[in-house]
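The numbering of the sequence shown is numbering that gives the first Met the number 0, which starts it at 0 and goes up by one. For every residue, glycine included, the Cβ atom is placed at its ideal position computed from N, Cα and C.
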Amino acid sequence: MVGRGSRGPRGGGVPLFWRVCLINGAVFTAGTAVLAASPATVSAPVLATEAIVLAVGLGVMLLANGALLRATLAPLDRLRHLMEGVDLLRPGQRLPDLGYGAVSDLISSFNAMLARLEAERSSSSALALAAQEGERHRVAQELHDEVGQGLTAVLLGLQRVAARVPADVRCEVQLVQETARASLDEVRQVARRLRPGVLDDLGLVSALTSLVTEHARLTDADVCRRFSSNLPDLGAQAELVVYRVAQEALTNVARHAAADRVCVELMQTPRGDAVLLRITDNGRGVGGRPEGAGMRGMRERAMLVEGSLTVTPHQEGGTELQLFVPVPGRRDDA
């Protein structure tokens with residue numbers, strides 16, 4: 000990664016203004032020398048054949064001048080295209096820094112600026128997502144401890160009341176009991192979505208299994224899962240990223256894809272340097288729609304662990320999401 004002070008302007012190169020002047024001067028000097036050395040003369044008035052020779056000479060000089068200027072200024076055009084399409088959520092976009100001079104210095108400065116922006120974006124995203132996870136954990140804890148325990152007390156009280164009330168009122172009390180029990184189940188589900196305790200207690204595979212099972216129950220979709228049994232240790236942060244990406248992806252499938260078949264896979268790559276999460280469905284597909292907040296959030300999470308995320312149309316219809324998360328200590332930087 001290019002740091003703030005890793006590379007400054009090289010200096011010593013010819014400024015762009017003088018390079019253009021030198022190119023133009025060289026072309027016109029060469030043209031003048033050719034005309035001076037040639038046996039051609041110019042009459043007064045100019046003859047038709049002489050006018051043709053002058054026009055051809057002028058055309059050759061203009062073409063040579065244009066070709067040289069195009070070669071000199073082409074990197075600026077590539078720089079403009081990159082500036083128009085750069086996306087900090089897709090890191091690594093750089094221009095090749097070739098040659099010397101003002102244009103090369105400009106490209107080098109732009110690449111260094113992109114590296115700084117990507118580092119700052121990653122740092123700020125990490126802080127924001129850490130704060131978000133902390134707030135989710137706090138809310139989940141309060142839902143479990145305060146709201147959950149309150150509803151449990153209500154259920155126990157209703158159970159005692161139901162045993163003492165007349166038979167004609169007991170049905171209504173039992174109906175309230177069922178409503179309170181359903182509310183308690185919903186509170187527990189919300190708490191699990193906010194902070195998956197199974198991830199901390201039983202690990203990533205168990206957490207994803209629970210997530211996939213819940214998706215199948217809520218959507219009635221045919222869900223398959225293929226989880227490798229010998230996954231390497233990714234660390235707590237990377238496992239949370241994988242879980243959150245899978246959670247958001249399944250939420251998008253339920254909301255937008257109208258899919259009746261979903262497959263979730265988690266495996267180690269053949270080289271063993273990364274873990275791959277792949278989620279495919281047979282729904283509507285991406286269809287060229289712009290990325291929403293959920294997709295950009297997944298990309299930000301992937302960047303936190305130096306992973307890469309792609310969403311493409313699946314070969315059999317629908318959408319395919321792939322998240323590659325590098326294994327700590329096994330990344331090949333060569």
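State the beta-bridge partners of residue i as determined by DSSP.
i      : result
Thr318 : Asp280, Pro312
Glu264 : Arg225, Arg277
Ala231 : The sequence shown places Pro at residue 231, rather than the Ala named in the question. Paired residues: none, contrary to the question.
Phe323 : Leu275, Ser307
Can you check which of these residues, the options, is closest to residue i by C-alpha distance?
i      : options                        : result
Pro325 : Leu249, Gly271, Gly296, Gly316 : Gly271
Arg69  : Val55, Ser107, Ala50, Asn23    : Asn23
Val33  : Leu57, Leu21, Ala50, Glu290    : Leu57
Thr122 : Leu113, Phe109, Pro327, Met302 : As written in the sequence, residue 122 is Ser, which differs from the Thr given in the question. For the residues Leu113, Phe109, Pro327, Met302, the minimum Cα distance to Ser122 belongs to Met302.
Arg277 : Val285, Arg283, Thr268         : Thr268
Gly196 : Arg137, Arg169, Ala152         : Arg137
Ile106 : Leu322, Thr212, Leu75          : Leu75
Ala129 : Arg194, Met82, Pro165          : Arg194
Leu201 : Tyr242, Pro44, His214, Arg163  : Tyr242
Cys262 : Val240, Ala166, His214         : His214
Arg169 : Gln176, Val285, Ala161         : Ala161
Val240 : Arg260, Arg224, Ala111, Leu275 : Leu275
Leu224 : Gly84, Glu264, Glu315, Gln176  : One point to set straight first is that residue 224 is Arg, not Leu, in the sequence displayed. Answer by Cα proximity: Glu264.
Val85  : Glu117, Ile51, Ala73           : Glu117
Tell whether a beta-carbon distance below 8 Å holds between residue i and residue j.
i      : j      : result
Leu210 : Phe226 : no
Gly317 : Ala258 : yes
Gln236 : Val304 : yes
Leu217 : Ala253 : yes
Leu150 : Phe109 : no
Ala256 : Gly282 : yes
Thr279 : Glu238 : no
Ala113 : Gln92  : For clarity, residue 113 is Leu in the given sequence; the question names Ala instead. Yes, they are a contact pair.
Val186 : Val244 : no
Leu183 : Leu155 : no
Gly284 : Asn251 : no
Ala220 : Arg163 : no
Between residue i and residue j, what straight-line distance do the alpha-carbon atoms span, to the nearest angstrom?
i      : j      : result
Ala47  : Met60  : 20 Å
Val222 : Thr311 : 20 Å
Gln173 : Leu157 : 8 Å
Ala63  : Val26  : 7 Å
Ser103 : Leu203 : 47 Å
Val55  : Thr31  : 13 Å
Gln321 : Thr309 : 5 Å
Phe323 : Arg159 : 54 Å
Ala29  : Leu21  : 12 Å
Gln148 : Glu134 : 20 Å
Glu315 : Ala273 : 26 Å
Pro327 : Met266 : 15 Å
Ala166 : Ala152 : 23 Å
Glu177 : Glu171 : 10 Å
Leu126 : Gly65  : 51 Å
Gly11  : Glu83  : Note on Gly11: pLDDT 48, under 50, position unreliable in the model; no value is reported.
Arg120 : Ala111 : 14 Å
Val1   : Arg115 : Model confidence at Val1 stands at a pLDDT of 40, short of 50, so the residue's coordinates are unreliable; what they give is reported in the following sentence. The alpha-carbon atoms of Val1 and Arg115 are separated by roughly 7 Å.
Arg3   : Leu94  : Note that Arg3 scores 40 on pLDDT, short of 50, meaning its location in the model is unreliable and no value can be drawn from it.
His313 : Ser205 : 26 Å
Val175 : Thr212 : 29 Å
His80  : Gly291 : 24 Å
task = Pair every Cβ in the stretch 227-234 with every Cβ in the stretch 291-299, then say whether three or more of these pairs are closer than 8 Å.
result = no
query = Would you call the stretch 188-201 and the stretch 135-145 touching, i.e. three or more CB-CB distances under 8 Å?
reply = With a cut-off of 8 Å, the stretch 135-145 and the stretch 188-201 count as touching, because enough Cβ pairs lie within range.
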